[in-house]
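Accompanying notes for the structure given below.
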Amino acid sequence: MYYYLRNHIEILKFMNQHGHDHVNRLFMQNHKDIFYVSTTYIAEMKMGVQSKQPIVSRAINLFALLWLGEKVPHHALSKELLSIAKAIQGNNTKTRLITFFQIPSYEKAQTLKYAEGMAKKLKNVGILSDRSVNKKVYQIFLV
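If you're matching positions, the sequence shown starts at -13 in the numbering used here and goes up one per residue.
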């Protein structure tokens, strides 16, 4: 698993800290805390690495595939949360809606066991970098 995460540890740490710092009772989905942050914001934070937005996006997709973070689909959001996402977007239709995230408890052994198992699957089928993680890969592995 470290093979896949080694270049993105700072992004994962930032996501966890940001999520911890910005969780409140208003942002709940299926009785779990969620938060939002833009990939552009993460990239601009320069968390000790030269992160550009596409690199951050690929890292987050990798975290989601490894279940080290979950992207909450817009269609699953409550009306209130969806209205927040649309308000943040405003009239700028060139940008996508903000993404909401859930971070699982890393204290649960099953979370890290799943991540390690998924990393082994990715390696076994020849997916050796975050650049290979895309929608098609999600469909194959998360079904």
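Every residue, glycine too, gets a C-beta built ideally from N, C-alpha and C. None of the values given here were measured: they were computed from a predicted structure.
{"Check": "If you follow the alpha helix (DSSP H) that residue 93 is in, where does it begin and where does it stop?", "Outcome": "Note, residue 93: premise wrong, no alpha helix (DSSP H); not H, not E."}
{"Check": "Spatial neighbours of residue 104 within its chain, please: C-beta separation below 6 Å, excluding the five flanking residues on both sides.", "Outcome": "52"}
{"Check": "Does DSSP classify residue 23 as helix, strand or coil?", "Outcome": "coil"}
{"Check": "Going by alpha carbons, who is nearest to residue 41 out of 99, 84 and -5?", "Outcome": "-5"}
{"Check": "Are the Cβ atoms of residue 22 and residue 81 separated by less than 8 Å?", "Outcome": "no"}
{"Check": "Restricting to Cα atoms, I'd like to know which of 93, 63, 92 and 99 is closest to residue 16.", "Outcome": "63"}
{"Check": "Considering residue 72, what are the terminal residues of the alpha helix (DSSP H) in which it resides?", "Outcome": "65 to 75"}
{"Check": "Determine the closest residue to residue -12 out of 98, 3, 26 and 78, with distance taken between C-alpha atoms.", "Outcome": "98"}
{"Check": "Taking residue 102 as the reference, which of 47, 54, 111 and 61 has the closest Cα?", "Outcome": "54"}
{"Check": "Which partner residues does residue 56 have in the DSSP bridge list?", "Outcome": "88"}
{"Check": "How many whole angstroms separate the CB atoms of residue 87 and residue 66, which I take to be in contact at a CB cut-off of 8 Å?", "Outcome": "Not quite, the Cβ-Cβ distance comes to about 17 Å (not below 8 Å), so this is no contact."}
{"Check": "Under the three-state reduction of DSSP, which class applies to residue 1: helix, strand or coil?", "Outcome": "helix"}
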